[in-house]
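Only one structure is covered here, and it is reproduced in the block below.
Residue numbers (the numbering used here): 3 to 64.
Structure, rendered in structure tokens:
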């Protein structure tokens, strides 16, 4: 599912317009991004946990 499909599903489930659903989805994504940028973890029941993890650099090859 991509963002557009999520917006359509939210609009359908809540009986709202796609514009209103897009505002809600964008607000949630924005809030999550801000939280992750602060280094905090997000835990949502029935969905999962989100966190930024630092990894060692590695060599990439083409």
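We put the CB at the ideal spot given by N, CA and C, even for glycine.
Contacting residues, own chain, Cβ-Cβ under 8 angstroms from residue i (five flanking each side not counted)
i          : result
residue 8  : 27
residue 34 : 44 and 52
Start-to-end residues for the beta strand (DSSP E) that takes in residue i
i          : result
residue 44 : 44-46
residue 50 : 50-52
6 angstroms Cβ shell around residue i - same chain, five flanking residues per side excluded
i          : result
residue 45 : 51
Cβ shell of residue i (< 7 angstroms), same chain only, five flanking positions each side left out
i          : result
residue 41 : 54
Length of the line joining the Cα atoms of residue i and residue j
i          : j          : result
residue 3  : residue 11 : 10 angstroms
residue 29 : residue 56 : 26 angstroms
residue 18 : residue 39 : 30 angstroms
residue 60 : residue 31 : 30 angstroms
Segment limits, alpha helix (DSSP H) that includes residue i
i          : result
residue 16 : 5-16
Assumed close pair residue i, residue j - CB separation to whole angstroms, cut-off 8 angstroms
i         : j          : result
residue 5 : residue 13 : In fact, because the Cβ distance is near 13 angstroms, the residues do not count as touching under 8 angstroms.
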